[in-house]
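Its first residue numbered 70, the sequence shown is counted upward by one per residue in my numbering. Beta carbons are placed, not taken as given, at the ideal position from N, Cα and C, and that holds for glycine.
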Amino acid sequence: MMVFALAGTLLVANAHAESPLGEINIELRGRVVDYSCYVETGDDNKTVQLGTWQTKHLSTTGSTTQSMPFTLKLTGCPPGSASITFSGKKAAASPDLLSLNNTSGATNIAVELLDEDKSRLPLDQASQDVVLDGNGNATLNFFANYIATADNPTAGRADADATFMINYY
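Pasting the structure below:
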């Protein structure tokens, strides 16, 4: 992933007061920096197994299955800290949750993403920051589980897809 940062200033100088159409010089200065923050191989196309659950574990709205841990390892990032922002198809019942994909047959179920402290991590919101080590490496810890979006969900395949963006500061 390439990220370009523009840092600069806009200077207006030498505006001649004697004429409204006088010479105006504008200097544009800055620099473009190529930082290469990568997700470690194997974490870039990750599958998180959420398990097989009986519908009785999700019988009422808001009930959840056991949270399954997963990590994303970053390498070669610039000095500072980093976070992850997940995105995907939002569940109709709650835009914070990840909707099941079109190949899924289960109903009234979504996927809940959780931050390292197991607090809900809404879609399109940055995770908690982690400090990058001296080599620009960090491991971000997350959890995911099924959550019932209505009473009495139906059984079936229950897959969801998400993408993520690396944020660094």
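Whole-angstrom distance between residue j and residue i, CA atom to CA atom
i: T176; j: A224; result: 7 angstroms
i: N214; j: S156; result: 16 angstroms
i: I153; j: E96; result: 36 angstroms
i: T144; j: I93; result: 46 angstroms
i: A160; j: Q194; result: 15 angstroms
i: L209; j: T218; result: 27 angstroms
i: T232; j: D184; result: 15 angstroms
i: C146; j: F139; result: 20 angstroms
7 angstroms CB neighbourhood of residue i in its chain, flanking five on each side removed
i: Q123; result: none
6 angstroms CB neighbourhood of residue i in its chain, flanking five on each side removed
i: T134; result: W122, H126, N214 and Y215
Other residues of its chain near residue i: CB distance less than 8 angstroms, five sequence neighbours each side excluded
i: L271; result: Summary: the structure shown does not reach residue 271, with the chain confined to residues 70 through 238, and so no result is reported for it.
i: R189; result: D165, E181, L182 and L183
Residue i burial status per 10 Å Cβ neighbour count (16 or more: buried)
i: A229; result: buried
i: P164; result: exposed
Per DSSP, the bridge partner or partners of residue i
i: K142; result: T208
i: L192; result: Answer is none; L192 lacks a bridge partner.
i: N214; result: E181
Any non-hydrogen atom of the ligand MG within 8 angstroms of residue i CB
i: S152; result: In the structure on display, the ligand MG does not appear, and there are no ligands present to speak of.
Inter-residue CB distance, residue i and residue j (contact presumed, cutoff 8 angstroms)
i: Y237; j: S150; result: 7 angstroms
i: L141; j: D112; result: 5 angstroms
i: D220; j: T130; result: 6 angstroms
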